[in-house]
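Colleague: First the structure, which I've put down as structure tokens, then a few questions once you've had a look.
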Amino acid sequence: MKSAVNLSADSLKKIAGEVGKYPADQKQSAVMIALIIAQDEKGWLSTETMDEVAAVLEMAPVAVYEVATFYNMYNLEQKGRFKLTICTCLPCGLQGSLAAADHLKAKLGIDFNETTPDGRFTLKEGECMGACAMAPVVLVNNKKMHDYMSNEKLDALLKELK
-13 MKSAVNLSAD SLKKIAGEVG KYPADQKQSA VMIALIIAQD EKGWLSTETM DEVAAVLEMA
47 PVAVYEVATF YNMYNLEQKG RFKLTICTCL PCGLQGSLAA ADHLKAKLGI DFNETTPDGR
107 FTLKEGECMG ACAMAPVVLV NNKKMHDYMS NEKLDALLKE LK
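Note that the working numbering has the sequence shown beginning at -13, numbered continuously upward.
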């Protein structure tokens, strides 16, 4: 692996562990998890960070950009400490997610794709999360899904994350 200047030794070790799961000539297969590791460390993926992932995986930077821009789980700009993504697709909307989104907007004082002034929360509108029967669902930092989110449960989640 090439040396890095942006990512920590711990992140590079994690990426190396993921790369080791693939044949030596297919390092690029670890690009998605490498981007997740980088984003977990940095909070978002700057061009510099994506360039470093490309160097570590010995692939063209544009190939890394293609992956990062295709999937909405990657943050290409700085976000709040907690990214809250709520599914607003039709089935979830019919289950109350649109009202839940309105509640979050009112409580946080922001709209979709905005961040609270204190930098704590970013609100995102999500596509299907495969949990329609448990709607409304909120995904926190692309890692933990909360389901059956009533206004009371949304308020408790916000309080817990503060």
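Just so it is clear, CB atoms sit at the ideal spot from N, CA and C, and this is done for glycine as well.
Pick from Gln64, Leu31 and Cys73: whose alpha carbon is nearest that of Asp104?
Modeller: When each option's Cα is compared against that of Asp104, the closest is Gln64.
Colleague: Decide if Ser(-3) is buried, meaning its Cβ has at least 16 other Cβ atoms within 10 Å, or exposed.
Modeller: The residue in question, Ser(-3), is buried, as its Cβ has 16 or more Cβ neighbours within 10 Å.
Colleague: Cutting at 8 Å between CB atoms, please list the residues of its own chain near Leu21, excluding the five before and the five after it.
Modeller: Hits under 8 Å: Leu31, Met36, Val39, Val50, Val53, Ala54 and Tyr60.
Colleague: CA-CA distance, Ile96 and Thr108?
Modeller: Roughly 8 Å between the two C-alpha positions.
Colleague: Output the residue ranges of the alpha helix (DSSP H) runs that lie fully inside the region 79 to 129 and measure 4 residues or longer, sorted by chain position.
Modeller: Here the runs fully enclosed are 83 to 94.
Colleague: Looking at the unbroken alpha helix (DSSP H) that takes in Leu(-2), where does it start and where does it end?
Modeller: Note, Leu(-2): alpha helix (DSSP H), Ala(-5) to Val5.
Colleague: When the Cα of Asn128 is compared with those of Leu90, Glu111 and Ala92, which residue comes out closest?
Modeller: Selected option, being the one with the closest Cα: Glu111.
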